[in-house]
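387 is the number of the first residue of the sequence shown in our numbering; add one for each residue after it.
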Amino acid sequence: MKLMDTSFAYVDGTFQVELPVGEVYVEMTKGFEYKAVRRRLKIEAGQRELRLEIGRMTDLRSQGWVSADTHVHFLSPTTAILEAQAEGLNLINLLAAQWGDLFTNVGDITNEPLVSRDKETMVWVGSENRQHILGHIAMLGPSAPVYPMSATGPDESYLGDPLWKRISPTRRAKLPRMWCWASLMP
């Protein structure tokens with residue numbers, strides 16, 4: 387996969403790719419607990435298999451730690467599981483949001499986590515309630531979207547919405563929440 391000038395892909399460990407005969411450069415990473423692998427390999431004509439391994443440097447989970455990304459957008463919950471496992475993460479807070487007239491991940495809010503088969507990775511879908519002056523608040527674990535999701539401005543919400551409705555619903559929801567982006571913290 388290409389992103390700008392960089393080739394990369396999230397994989398679950400097994401995949402197929404056509405490589406040119408000759409020298410190729412491979413880089414593999416898997417978060418902070420694993421040693422990055424950077425190797426120059428020689429691909430032979432007719433070669434059908436290549437096995438690469440990535441070594442673990444530490445196991446923070448066994449010491450009671452949980453690795454997490456608390457601010458994720460624009461993924462399906464199942465894709466978030468794949469990317470979290472590829473990055474060595476245990477918890478993803480996938481945030482539904484409103485971007486003007488576009489609503490993302492609102493239908494994925496279920497008040498239940500999606501858990502990987504090995505039970506090591508989970509995705510919770512919450513919501514990010516946004517206001518361009520006051521900042522963005524992540525609502526963690528709602529059973530339904532907390533509206534309004536965005537207020538005051540075409541980049542955040544629809545034109546003409548009232549600012550005064552912005553904060554009250556997030557307080558009434560009585561959910562764990564955190565500041566994602568703070569412009570002017572009240």
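Idealized CB from N, CA, C, for every residue including glycine.
7 Å Cβ cutoff met for residue i and residue j
i, j, result
"L365", "V501", "Because the chain spans 387 through 572 in this model, residue 365 falls outside it and cannot be assessed."
"A530", "E514", "no"
"A482", "Y396", "no"
"P463", "D494", "yes"
Whole-angstrom distance between residue j and residue i, CA atom to CA atom
i, j, result
"G349", "G527", "No answer is possible for residue 349: it lies beyond the span of the chain, which begins at 387 and ends at 572."
"Q433", "T392", "25 Å"
"Y420", "F489", "36 Å"
"L438", "R447", "24 Å"
"L475", "A454", "5 Å"
"S536", "R426", "48 Å"
"R442", "N497", "33 Å"
"A431", "D398", "26 Å"
"W485", "E469", "23 Å"
"F460", "N491", "7 Å"
"R516", "K428", "50 Å"
"H518", "T456", "20 Å"
"F394", "D487", "31 Å"
"V458", "A466", "8 Å"
"V423", "K416", "10 Å"
"E435", "V410", "14 Å"
"M387", "M508", "With a pLDDT of 48 at M387, under the threshold of 50, the modelled position of that residue is not reliable, and the figure given next carries that caveat. Near 25 Å, if we compare the C-alpha coordinates of M508 and M387."
"G521", "I478", "21 Å"
"P406", "T444", "35 Å"
"E506", "V452", "10 Å"
Residue interval of the alpha helix (DSSP H) (run including residue i)
i, result
"I467", "463 to 472"
Limits of the beta strand (DSSP E) - the one that residue i falls within
i, result
"S513", "508 to 517"
"E409", "408 to 414"
"M484", "Strictly speaking, residue 484 in this sequence is Gln, with Met absent from that position. It spans 477 to 485 - the beta strand (DSSP E) in which Q484 sits, taken as one unbroken run."
"H459", "From DSSP, H459 is part of no beta strand (DSSP E); its letter is neither H nor E."
"G432", "That residue, G432, is in no beta strand (DSSP E); it is neither H nor E in DSSP."
"L343", "Here the chain has residues from 387 to 572 only, and residue 343 is not among them."
"G577", "Coverage of the chain is limited to positions 387 through 572, which leaves residue 577 absent and any answer about it impossible."
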